[in-house]
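Chains as they are written, first to last, in this note's numbering: chain A, 25 to 220; chain B, 25 to 220.
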DNA sequence: TTTTTTGGCTAACACGTGTTAGCAGTATAT
DNA sequence: ATATACTGCTAACACGTGTTAGCCAAAAAA
């Protein structure tokens, strides 16, 4: 009988959620089956249900744990007393690092949230919309202070967030530049595109 | 008996492919069923098979028709005798307009190609890789000519392509700026991020 | 050691999937 | 008008899905 291996402080459920993130990223939520997941965990499909309620629960957990981290960060950044352009750069760097170091989760949250079921779906979409508005507001205040070009703020947000999701390609590429280089290049281009 | 309606020069297959694009975009390839598609077309599921070979054939057609348009465009742009930065801007504007006016197809090609089956899958990935290399080469020549900042070209490509796929959010948003404004804003930020 | 809880297993379910076979109207060409 | 090619239908298939029930061994608690 093959038990799920756990270290201290990592529940078996956490192991499942982590493997699920990896699988959902690779195949997509719908295409990844519970039998696939079971195999990845080293157990029979039915056994998973000793630890989780449903397949969608896995998606909830992934999506909201990511969303919460971003909301917490924007709370923190908004409260700081620094120029808007620095706030933007801070958020940007946070996004980049999340995408680099929590790749699978962030990617899944970004691409697979469509498959959430209500009420989680509406909830998630709301949080997302609000987050983007708050980000846009920072940019607009940067425009008012002449720190940022006169551009459409929602469009700028859209560009930045999606550009960062391109780190997916970096992860998959064989000849990677270092994470630090990647971060600097992205900041150079994106902040450079806003300022002056 | 409810026939599929067609105008002149539009085959019933084209009608199906178009509806498929819309459905795959909305639900994702795996989650969109042939019965969904049939309903959208106004027919029973089995009837679709008088016009198409399989569900994946629909995905092939969508992915490769988009890919071919982009390859054709980069052929054209590479051949022009203009500064690299202008080539970049031309490609950028082409991408933006494709995403604006052939939204569903381009989106599906971008997000759902994972579900292609070999040999189409390898083929598509190859074309994609080659396209990005050619794009990166243009940027690199721009760097050599001091038209473009010293940045990592593959990273710049990744940013630009993914930023453009963010037009998805524009399509879904209720308060849209005009397509022309969107284009100018994107070019301003992205080209601005590369130059100087 | 004994008892209880935890976590695995097999078997099975109800259902949704893509697809095929065979048939019958309908449009098109002769 | 007759023949032929289209294009729709119903019925059915084989299979993969998420999930539950019921059972038993192993770990944890007593």
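The beta carbon of each residue, even a glycine, is placed where N, CA and C say it ideally should be.
Check: Closest Cβ-Cβ distance between residue 194(B) and chain A: below 8 angstroms?
Finding: The count along the second chain starts at 1 and reaches residue 194(B) at position 170. Yes, because at least one Cβ of chain A sits closer than 8 angstroms to the Cβ of residue 194(B).
Margin query: Checking 8 angstroms against the spacing of the C-beta atoms, do residue 167(A) and residue 174(A) come in under that value?
Written below: The residue you call residue 167(A) lines up with position 143 of the first chain. The residue you call residue 174(A) lines up with position 150 of the first chain. Going by C-beta atoms, residue 167(A) is nearer than 8 angstroms to residue 174(A).
Checklist line | Test item: CB-CB of residue 155(A) and residue 95(A) under 8 angstroms | finding: Mapped onto the first chain, residue 155(A) falls at position 131. Mapped onto the first chain, residue 95(A) falls at position 71. In this structure, residue 95(A) lies closer than 8 angstroms to residue 155(A) by Cβ.
Notebook entry, point to check: What are the uninterrupted segments assigned as beta strand (DSSP E) that are 3 or more residues long and contained completely in the segment 140-193 of chain A, given in chain order?
Noted result: none
Notebook entry, point to check: Residues in its own chain within less than 7 angstroms of residue 57(A) by CB, not counting five upstream and five downstream?
Noted result: Residue mapping note: residue 57(A) aligns to position 33 of the first chain, counting from 1. Hits under 7 angstroms: none found.
Check: Taking just the CA atoms, how far does residue 189(A) sit from residue 81(A)?
Finding: For the purposes of this step, residue 81(A) is identified with residue 57 of the first chain, where counting begins at 1. For the purposes of this step, residue 189(A) is identified with residue 165 of the first chain, where counting begins at 1. Roughly 24 angstroms between the two C-alpha positions.
Item checked: Spatially closest choice to residue 62(B) from 51(B), 47(B), 52(B), 216(B), by CA coordinates -> Along the second chain, read from residue 1 onward, the residue named residue 62(B) stands at position 38. If you compare the alpha carbons of 51(B), 47(B), 52(B), 216(B) with that of residue 62(B), the shortest gap goes to 47(B).
Notebook entry, point to check: For residue 210(A), which residues in chain B fall below 7 angstroms Cβ to Cβ?
Noted result: Within the first chain, the letter at position 186 stands for residue 210(A). Chain B residues near residue 210(A): 179, 183.
Next item on the list: Could you run through the segment 159-175 of chain B and flag, in chain order, every residue whose CB is less than 8 angstroms away from some CB of chain A?
Entry: 173, 175
Next item on the list: Round the Cβ separation of residue 215(B) and residue 113(B) to the nearest angstrom and send it over; I've been treating them as touching at under 8 angstroms.
Entry: The count along the second chain starts at 1 and reaches residue 215(B) at position 191. The count along the second chain starts at 1 and reaches residue 113(B) at position 89. So it is a contact: roughly 6 angstroms between Cβ atoms.
Check: DSSP state of residue 108(A), grouped into three classes?
Finding: Here residue 108(A) is taken as the residue at index 84 of the first chain, counted from 1. Helix at residue 108(A).
Item checked: Selection from 60(B), 52(B), 54(B) that minimises the alpha carbon distance to residue 40(B) -> Taking the second chain and counting its residues from 1, the one referred to as residue 40(B) is at position 16. Among 60(B), 52(B), 54(B), the Cα nearest to that of residue 40(B) is on 60(B).
Item checked: chain A within 8 angstroms of residue 189(B), Cβ atoms only -> Position 165 of the second chain, counting from 1, holds the residue named residue 189(B). At least one CB of chain A lies nearer than 8 angstroms to the CB of residue 189(B).
Check: Where does residue 119(B) sit, in a helix, a strand or coil, going by DSSP?
Finding: One-based indexing of the second chain puts residue 119(B) at position 95. Here residue 119(B) sits in helix by DSSP.
Next item on the list: Taking the CB atoms as reference points, tell me whether residue 83(B) and residue 53(B) lie closer together than 8 angstroms.
Entry: Taking the first residue of the second chain as position 1, residue 83(B) is located at position 59. Taking the first residue of the second chain as position 1, residue 53(B) is located at position 29. The answer is yes: Cβ separation under 8 angstroms.
Next item on the list: Could you check what DSSP says for residue 42(B) in three-state terms: helix, strand or coil?
Entry: Numbered from 1 along the second chain, position 18 holds the residue referred to as residue 42(B). The answer is helix: DSSP assigns residue 42(B) an H, G or I state.
Note to self: Using 8 angstroms for Cβ pairs, my map puts residue 207(B) next to residue 131(B). What's the rounded Cβ distance?
What the structure shows: As a position in the second chain, residue 207(B) is number 183, starting the count at 1. As a position in the second chain, residue 131(B) is number 107, starting the count at 1. That belief does not hold up - the Cβ atoms of residue 207(B) and residue 131(B) are roughly 17 angstroms apart, past 8 angstroms.
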